[in-house]
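K.L.:
Protein chains in written order, with the numbering used here: chain A, 1 to 380; chain B, 1001 to 1380. Pasting in a structure now, in structure tokens, and then I'll have a few things to ask.
2 protein chains.
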Amino acid sequence: MAVVEFELQAKCAETGARAGRLHTAHGTIETPVFMPVGTYGSVKALTPRDLEVDLNARIILANTYHLFLRPGHERIERLGGLHRFMAWPRAILTDSGGFQVFSLDTFRKVTDEGVLFRSHLNGDQHFFTPESTVDVQLALGSDINMVLDECLPYPTEHAAAEQSMRRTIRWARIGYQHYLRREKGLHCALFPIVQGSMYPDLRRACAHELLELDAPGYAIGGLSVGEPRELSQEMVALTAPLLPENRPRYVMGVGMPEELPQYVAKGVDMMDCVLPTRNARNGTLFTSEGRLVIKQARYMEDEGPLDPKCPCYACRTFSRAYLRHLFMAGEMLFSMLATMHNVQHYLDTMREMREAILFGRFPAYLRNSRTHLPAEAAAD
Amino acid sequence: MAVVEFELQAKCAETGARAGRLHTAHGTIETPVFMPVGTYGSVKALTPRDLEVDLNARIILANTYHLFLRPGHERIERLGGLHRFMAWPRAILTDSGGFQVFSLDTFRKVTDEGVLFRSHLNGDQHFFTPESTVDVQLALGSDINMVLDECLPYPTEHAAAEQSMRRTIRWARIGYQHYLRREKGLHCALFPIVQGSMYPDLRRACAHELLELDAPGYAIGGLSVGEPRELSQEMVALTAPLLPENRPRYVMGVGMPEELPQYVAKGVDMMDCVLPTRNARNGTLFTSEGRLVIKQARYMEDEGPLDPKCPCYACRTFSRAYLRHLFMAGEMLFSMLATMHNVQHYLDTMREMREAILFGRFPAYLRNSRTHLPAEAAAD
């Protein structure tokens, strides 16, 4: 039995939505699941205790590119691996670093062998290969590793997208063989990533070829790169059904709260995004009533909680007036409380959907979420 | 019975050290006590829950000057007072704003009536009087209020210091009468502040005249304004014994960890200082082994806790290597953990001293602290 194994528990009768359990060496994750992003081995403004005890997050994402540069994967390995280093006892997924290398503005050159880039910190030159990014992630000791993939900007011509997709497939094969030689699936999983820009034929071809790897999970990448949201959803809608039913499907880097049900309806089991944490620090809160921009004068003497329906520490304890004051005064406590709330909101949204799927109520949930939450909600 | 009342529990046989209990409407405070500083109604980088549950702080300090400017004392009063606003159920002491008005670089003019100053935020002109600062603090609803005092720079000529000390006494009388008219000591206390620069005769005269107010507690102010530390201690040593034995004595704005026992030995019951919180954010940690500057390369792969003797969440959970990584990466979590540790260190130091006084071991504690902790400790 593989160390990372997916158990499909329920399927929605009308949509593609699924509920399951993903078993890892660091605990079981109930899906669909949202993974808070902890770029440098810290989900910004939260302690691991907040994440575990308050928020009950079961899995977080860490960025291979960032940890490779600082403090370095070898150092983390010497210090006992990422779980121990950051004192996080539950599951960790690491990306391959590909997205950062291709999206941060660093000099780079892509060849069939890998990608040459410069550190955004000090300009040092580095080369990532399909093998080396597996090695970095094995050193980190994450539970779910990702293969190196080429991430294209939007839009990209069909011919270039096809060439890039072929390279991503080649890299996935090389990375997967390397991973099997080193780990044999005993400690962690490696997920391939379906690319193909916004071209259905390329997405289909890519998914088809990656299935040969028989990986314990598959990701859909290359989205959230500037394309219209309808297009991201279209790509997911056509790709997800091509992936094995008994394996988790992970859409990378999405999304807005109102998009989460859309992705789940298309059969997505895992998502990650910096939005809840980054927007929290910028003063944008996601609530059951829509988006709330805390600096607005209307909250100056508002004694109500951020979100009356939210059970998080921030909502149980503080008024909007106090949160606004903290934000205006530049107090760190604002970021701490706002992050806690936004992450709770994302995790609870996923937990509500999971329950709805298990009890056969997901179609109603989905209809309700469509009418209930416009992209720019009432409070905005 | 006054709402704020001090109960002297034990006195050291060899030094001036005392242990007591200070009863307030928001709980009893065991003394000697250190008060973490929460300038804007937030102890930076800590939640009220951290302060209450983890650190067991019994009283914090908030700055009248800052809250007066932002969000405004009237707004806080409309929102139910500072305790409710910041969700802090325990005691609060507010300063009078005098120290900030005199030390922040804002245009100002002092007259016998009060002090004219400009907001450091937007340049708006404001006038503090002995009555108005009492009114501001009553609006905030703090448990212990401070009278408006004139704070002098160091050094100041004797004649100017005497004139200023006379003004401080006059302000204390005016403020105290105003406070008695409005509150009658039923909800909070008002502490006068002994000034007199670094002149023993002025300190004595000031203390003597302020005793007439029969206040439930007295402060020693005008220290930590640039004078040598020996001089601050000398002023406290001569002033503290002049104050009533059955009232708490509060030295404002001190000190370094190694100075705390010195002040306690001189009969001081209460202290406050931004050092533990500010230095935490700058990467300087106070430990049982001395000061530790986390950015130093020696901690790069140090798996040990920040302070092996400290029971705080940061020391129980994380390595120096991880804390250094967070600091170098500019992660907010560093400030959160470092602040938690430094405040724990200060509070525990006070609690250890209290126990030593109660059990007759304070002289030994004091001797040990003198040899054990040089100002710049081993790790620095």
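The beta-carbon is built from N, C-alpha and C at its ideal position, and this holds for glycine as well.
1) So, helix, strand or coil for Glu1301 of chain B, using DSSP?
2) Taking all protein chains shown into account, decide if Lys266 of chain A is buried (16 or more other Cβ within 10 angstroms of its Cβ) or exposed.
3) Return the Cβ separation of Gly196 of chain A and Leu190 of chain A in integer angstroms, given the expectation that the two are a contact with Cβ distance under 8 Å.
4) Does the beta carbon of Thr284 of chain A come closer than 9 Å to any beta carbon on chain B?
5) Evaluate Lys1295 of chain B with the Cβ neighbour count: other Cβ atoms within 10 Å of its Cβ, from every protein chain shown; 16 or more gives buried, anything less gives exposed.
6) Quick check on Tyr1040 of chain B: does DSSP put it in helix, strand or coil?
7) Give me the residue from A:Ala356, A:Arg370 and A:Ser369 with the minimum Cα distance to Phe12 of chain A.
8) Any C-beta of chain A sitting closer than 9 Å to the C-beta of Ser1319 of chain B?
9) Could you confirm whether any beta carbon from chain A is found closer than 9 Å to the beta carbon of Ala1375 of chain B?
10) For the beta strand (DSSP E) that contains Arg108 of chain A, what are its first and last residues?
11) By the 10 Å Cβ neighbour count, where 16 or more other Cβ atoms means buried, how is Phe1128 of chain B classified, buried or exposed?
12) Which complete alpha helix (DSSP H) runs does the segment 76-107 of chain A hold, if anything under 4 residues is left out?
13) Could you compute how far the alpha carbon of Arg1181 of chain B sits from the alpha carbon of Leu1242 of chain B?
14) Arg1049 of chain B CB to nearest chain A CB: under 9 Å?
15) State whether the segment 1288-1303 of chain B contacts the segment 1320-1333 of chain B, with contact taken as three or more CB pairs (one from each stretch) at a distance under 8 Å.
16) Output, in chain order, the set of chain A residues within a Cβ distance shorter than 9 Å of Tyr1313 of chain B.
17) Quick one: list the residues of chain B neighbouring Glu301 of chain A, beta-carbon separation under 8 Å, in chain order.
18) Hey, is the segment 1093-1113 of chain B in contact with the segment 1045-1052 of chain B, meaning 3+ C-beta pairs nearer than 8 Å?
19) I believe Thr61 of chain A touches Leu93 of chain A by the beta-carbon criterion, under 8 Å. Please report the beta-carbon distance rounded to the nearest angstrom.
20) Could you say which of A:Arg361, A:His178, A:Gly123 and A:Leu121 lies nearest to Leu148 of chain A if we only look at CA atoms?
21) Does the separation of the CB atoms of Val392 of chain A and Arg247 of chain A fall below 9 Å?
22) Would you call Val1359 of chain B buried or exposed, if buried means 16 or more other Cβ atoms sit within 10 Å of its Cβ?
23) Would you kindly work out how many angstroms separate the C-alpha atoms of Glu945 of chain B and Glu1074 of chain B, rounded to a whole number?
24) Within 10 angstroms of its Cβ, does Asn1145 of chain B collect 16 or more other Cβ (buried), or is it exposed?
25) Can you give me the start and stop residues for the beta strand (DSSP E) that Ile294 of chain A sits inside?
26) By the criterion of Cβ-Cβ separation under 7 Å, what are the contact partners of Tyr322 of chain A in chain B?
27) Figure out for me which residue from B:Tyr1065, B:Gly1304, B:Met1235 and B:Thr1317 has the closest Cα to the Cα of Val1225 of chain B.
28) Is it the case that the Cβ atoms of Asp272 of chain A and Phe34 of chain A are separated by a distance below 9 Å?
29) Identify which residue in B:Pro1363, B:Asn1368, B:Arg1278 and B:His1126 has its Cα closest to the Cα of His1341 of chain B.
30) For the segment 24-48 of chain A, which residues have a CB atom closer than 9 Å to at least one CB atom of chain B, in sequence order?
31) On the three-pair Cβ rule with 8 Å, is the segment 160-168 of chain A touching the segment 13-32 of chain A?
32) Is the CB of His1325 of chain B under 9 Å away from at least one CB in chain A?
33) Determine which residues share a DSSP beta bridge with Lys11 of chain A and list them.
34) Please identify the residue among A:His208, A:Glu150 and A:Asp302 whose C-alpha is closest to the C-alpha of Gln163 of chain A.
35) Can you tell me which of the three DSSP states Ala379 of chain A falls into?
36) Anyone know if the C-beta pair for Ile220 of chain A and Val194 of chain A falls short of 9 Å?
P.N.:
Taking the coordinates as given:
1) coil
2) Buried, because 16 or more other Cβ atoms sit within 10 Å of the Cβ of Lys266 of chain A.
3) With 8 Å as the limit, Gly196 of chain A and Leu190 of chain A do not qualify as a contact, their Cβ atoms being about 20 Å apart.
4) no
5) Per the 10 Å Cβ criterion, exposed.
6) coil
7) For clarity, residue 12 of chain A is Cys in the given sequence; the question names Phe instead. The shortest Cα separation from Cys12 of chain A among A:Ala356, A:Arg370 and A:Ser369 belongs to A:Ala356.
8) yes
9) Residue placement at Ala1375 of chain B cannot be trusted, given a pLDDT of 46 that sits under 50; the coordinates are not used to answer.
10) Arg108 to Val110
11) Its Cβ being crowded by 16 or more others within 10 Å, Phe1128 of chain B is buried.
12) Every alpha helix (DSSP H) of 4 residues or more that sits fully in the segment 76-107 of chain A is shown, in chain order, as 82-86 and 98-103.
13) 27 Å
14) yes
15) Cβ pair count under 8 Å is three or more, so yes.
16) Thr47 and Arg49
17) Arg1075, Arg1078 and Leu1079
18) no
19) Just to set this straight, residue 61 of chain A is Leu in the shown sequence, not Thr. Correct: roughly 5 Å between the Cβ atoms.
20) Of the candidates A:Arg361, A:His178, A:Gly123 and A:Leu121, A:His178 places its Cα closest to the Cα of Leu148 of chain A.
21) The structure shown has nothing for residue 392 of chain A, since chain A only spans 1 to 380.
22) Looking at the sequence itself, residue 1359 of chain B is Phe, so the reference to Val does not match. Under a 10 Å Cβ-count criterion, Phe1359 of chain B is classified as exposed, with fewer than 16 other Cβ atoms of the shown protein chains found around its own Cβ.
23) Residue 945 of chain B lies beyond the stretch modelled for chain B, which goes from 1001 to 1380, so this question has no answer here.
24) buried
25) Element bounds for Ile294 of chain A: n/a, residue is neither H nor E.
26) Phe1085 and Met1086
27) B:Met1235
28) yes
29) B:Arg1278
30) If you check each beta-carbon in the segment 24-48 of chain A against every beta-carbon of chain B, the ones closer than 9 Å belong to Thr39, Tyr40, Gly41, Ser42, Val43, Lys44, Ala45, Leu46, Thr47 and Pro48.
31) Contact fails between the segment 160-168 of chain A and the segment 13-32 of chain A, because fewer than three Cβ pairs, one in each stretch, are under 8 Å apart.
32) Cβ-Cβ to chain A under 9 Å: yes for His1325 of chain B.
33) A:Arg18
34) A:Glu150
35) Below a pLDDT of 50, predicted positions are generally treated as unreliable, and Ala379 of chain A, at 36, falls in that range; the measurement from the model is reported next regardless. Correct three-state label for Ala379 of chain A: coil.
36) Cβ distance < 9 Å, so Ile220 of chain A and Val194 of chain A count as in contact.
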